[in-house]
Each structure stands twice: as C-alpha cells, then as structure tokens.
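Residue numbering for the sequence shown follows our numbering, starting at 693 and increasing by one per position.
Here a beta-carbon is modelled for each residue, glycine too, at the ideal position from N, C-alpha and C.
Because the structure is a prediction, the values reported are computed rather than measured.
To start, the structure under review is shown below, and the notes come after it.
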Amino acid sequence: MKSIGVLVVCLLGISGFLIGCASAAPADTSAQDVEGDKPAAKKVEAPVAATTNPEGVQTAVVAVDGKFSPAVLHVKKGQPVEVTFDTKNRSCAETVIFKVIDQTIHLKDGEKTVLKFTPKDAGTIDYACSMDMIKGKIVVE
693 MKSIGVLVVC
703 LLGISGFLIG
713 CASAAPADTS
723 AQDVEGDKPA
733 AKKVEAPVAA
743 TTNPEGVQTA
753 VVAVDGKFSP
763 AVLHVKKGQP
773 VEVTFDTKNR
783 SCAETVIFKV
793 IDQTIHLKDG
803 EKTVLKFTPK
813 DAGTIDYACS
823 MDMIKGKIVV
833 E
C-alpha cells in the first residue's frame, strides 16, 4: 500500500514539473504576422536627397530620436552641405563621429546642431554615436 502512495506522489510531482516547464517559457510569436506563418516585415526607410537653397548650399534635416532619420542622405560632391541634426532624444548619440571628414558634433536634447562641410570626392561618409550603436551615412555622388 505504501508503494502505491509513493508512486502516486511521484507521478503527481513529475506531471506538475512538466506542466510548469511547458508554461514557463511561452513561444516567441512577436515576429510573426496575424496568420502566424511569416515573420513581420521590417520597415525600411528610404534614402533622402538634400535640397539646394538659392545660395547653392545643400541642406537636410536629420531627426535624432534614438536613431537617425533619415539614416541615409544623398548629396553632390563639390557643393557645400549643411545637415541640421534636430535632437529629440539623443540616447547614446551625445557625440557623433564622422571619421572620413574628421569631424565630431555634440548633440543635446531639444536642440539643433548643424554639421557643415564640402565633400570633395564621391563615396560614403559613415557616421555613428561614440558607442557605434546609432548609425547613419551620407552618400556623396
């Protein structure tokens, strides 16, 4: 009789353990659509071309809100460029480094900071926060 009681207790313990394990780690469905058969599409932002003002300066505004938006900006070589960084939430982008043109800017929440340069050669100017987590690029054509 004792062995039946021990067996019942063991079975209850094992079933409780298995049920607990099954419910403790729910499946990650955050990347699936409503039908559950495809991953959710990642929104990709289109590149933006700078506009040229009457003085011949290419201008653009990059919003800073935990990321750079637009993340890709197109400009023409040989013409002065002014990029205004409009900062809402700089996150780790307090310092932004532009290695190719040897410039660094410092952003503050609620302020606008202007980067001025004249690109001499075609190519890509990558820039990022000092932690290299928030990134953007200026494509010179």
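| Asked | Found |
| --- | --- |
| Every unbroken beta strand (DSSP E) inside the segment 762-800 [3 residues or more] | 764-767, 773-781, 787-790, 795-798 |
| Identity of the residue in Gly748, Gln750, Gly758 nearest Ala785 by Cα | Gly758 |
| Thr779 classed as buried or exposed, judged by whether at least 16 other C-beta atoms fall within 10 angstroms | buried |
| Near the ligand NAD: His766 beta-carbon under 7 Å from a heavy atom | For the ligand NAD, the structure offers nothing, since it holds no ligand at all. |
| Lys812 - DSSP class collapsed to helix/strand/coil | coil |
| Asp757 - partner residues in DSSP beta bridges | Asn781 |
| When Tyr819, Val831, Ser822 are compared against Asp813, the one with the closest alpha-carbon | Val831 |
| Counted within 10 angstroms of its Cβ, other Cβ atoms place Pro739 as buried (16 or more) or exposed | exposed |
| For Ser828, three-class secondary structure by DSSP | The amino acid occupying residue 828 in the given sequence is Gly; Ser does not appear at that position. Reduced to three states, the DSSP call for Gly828 is strand. |
| Residue from Pro811, Ser783, Pro762 whose Cα sits closest to the Cα of Val749 | Pro811 |
| Three-state secondary structure (DSSP) of Val726 | Unreliable positioning characterises Val726 in this predicted model, as indicated by a pLDDT of 49, which lies under 50. The coordinate reading is nonetheless provided below. Coil, per DSSP. |
| Nonlocal neighbours in the same chain, by C-beta distance under 6 Å from Asn745, ignoring five residues either side | Thr751 |
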